[in-house]
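For reference, the structure discussed in these notes is given below.
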Amino acid sequence: MLERLQKVLAQANVASRRKSEEYIAKGRVKVNGQVITELGYKVNKTDLIEVDGKPIKLAEHLYFLLNKPTGFLSTASDDKGRRTVIDLLEEEHKDVRLYPVGRLDYDTAGLLLITNDGDFTNHLTHPSFHIEKEYLVRVTGIIIRKKIVELRNGVTIDGNYFAKPKEVRLVELNKEHQSTLLSITLIEGKNKQVRKMIEAIGFKVKNLTRIRYDFLTLDGVERGKYRALKIHEVKQLHAHSMTKR
Ligand code: URA
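Using our numbering, read the sequence shown as starting at 4 and increasing by one per residue.
Right, here's the structure in full:
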């Protein structure tokens, strides 16, 4: 597949796309031994690309942080033809076998990682890795303090699973609209865990958004949009998942 040189440099984490363009314009980039200063120049995977005389290592793996809207499945494809998070990616990313790391419900919005790196996914989704996930959950009705304490102490879901959150914070009581906004941080991830925990204290979720995954937040990423993870973020996630075993 042919790609623009500046994009390949950015994907290989040489520099941002803009900075990579500067490198090209300044004649610092060679393709197959020849200096290329044309910005739209296209390369493919077999080309030898050098920056300042040093060959770059082509990034084989992609890592994205998506701000998922509701109404999309967290799968790579759906046999019933429903929209999936992969449909939110640009055309150029649709053919690299990307899939989500873990899952957010169809009706849940927020931070979802997408990658084509199986090891990375296995690390992060393995139950023994304690990655914090923070959710903002709007609940119908006013939740009194006693119920919040009940949530904090842990509740039984699925008949026999004791779900104890890492943290529960009251963010807002909205008397006018009769709703409560909570922040719930989990280190596990049972299917529909937040919804089931809220149901266990007798309430219903109005809407649910994941706002944090370990140290990653949605900062700068609009709903329905995504960004590439920086190489240091990928390394940090790896490091966290290894040390939190
Ligand atoms: N908990 C839920 O109930 N749903 C999600 O999508 C994520 C966590």
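Just so it is clear, CB atoms sit at the ideal spot from N, CA and C, and this is done for glycine as well.
What first and last residue would you give for the beta strand (DSSP E) that runs through residue 23? Premise fails: residue 23 lies in the alpha helix (DSSP H), 20-28, not in any beta strand (DSSP E).
- Integer-rounded CB distance, given that residue 217 should sit under 8 Å from residue 243: Yes, residue 243 and residue 217 are in contact; Cβ-Cβ is about 6 Å, under 8 Å.
| Between 209, 168, 92, which lies nearest to residue 193 when the distance is taken from Cα to Cα? | Out of 209, 168, 92, 168 has the C-alpha closest to the C-alpha of residue 193.
Residue 209 Cβ short of 6 Å to the ligand URA heavy atom set: For the ligand URA, not one heavy atom lies less than 6 Å from the Cβ of residue 209.
Reduced DSSP category for residue 155 - H, G, I as helix; E, B as strand; rest coil: DSSP places residue 155 in helix when its eight states are reduced to three.
Q) Is residue 64 near residue 16, with beta carbons less than 7 Å apart? A) With respect to the 7 Å criterion, residue 64 and residue 16 are not classified as neighbours on the basis of their beta carbons.
Hey, could you find the ends of the beta strand (DSSP E) residue 165 is sitting in? It spans 164-166 - the beta strand (DSSP E) in which residue 165 sits, taken as one unbroken run.
Exercise for the section: Could you tell me if residue 164 is buried or exposed, where buried requires 16 or more neighbouring beta carbons within 10 angstroms of its beta carbon? Expected result: The residue is exposed, with fewer than 16 neighbouring Cβ atoms inside 10 Å.
Worksheet item: Which residues count as close to the ligand URA when the rule is a CB under 5 Å from any of its heavy atoms, in chain order?
Response: Those residues are 107, 108, 111, 195, 196, 197, 198, given in chain order.
Original post:
Thinking C-alpha only, which one of 221, 198, 170 is nearest residue 187?
Top reply: That would be 170, whose Cα lies nearest to the Cα of residue 187.
**Request:** Quick one: using the 10 Å Cβ neighbour count with 16 as the cut-off for buried, is residue 196 buried or exposed?
**Result:** Buried, since its Cβ has 16 or more Cβ neighbours within 10 Å.
Among 75, 49, 134, 229, which one has its Cα closest to the Cα of residue 215? From the listed residues 75, 49, 134, 229, the smallest Cα separation to residue 215 is found for 134.
* Looking at the structure shown, is residue 121 part of a helix, part of a strand, or coil, going by DSSP? -> Residue 121 sits in a helix when the DSSP states are folded into three classes.
For residue 204, the three-state DSSP class (helix, strand or coil): Three-state result, residue 204: coil.
### Message
Tell me the residue span of the beta strand (DSSP E) that contains residue 71.
### Response
Where residue 71 is concerned, the enclosing beta strand (DSSP E) stretches over 66-71.
For residue 139 and residue 189, what's the separation of their Cα atoms in angstroms?
So the alpha carbons of these two residues sit roughly 11 Å apart.
Inset, instruction - Determine, using beta carbons only, whether residue 5 and residue 48 come nearer to each other than 7 Å. - result: The answer is no: Cβ separation not under 7 Å.
Pop quiz: residue 13 and residue 20 are said to be a contact at Cβ under 8 Å. What is the actual Cβ separation, rounded to whole angstroms? Yes, they are in contact, since the Cβ atoms of residue 13 and residue 20 sit about 4 Å apart, within 8 Å.
Q. Which term fits residue 174, buried or exposed, when burial requires 16 or more other beta carbons within 10 angstroms of its beta carbon?
A. So residue 174 counts as exposed.
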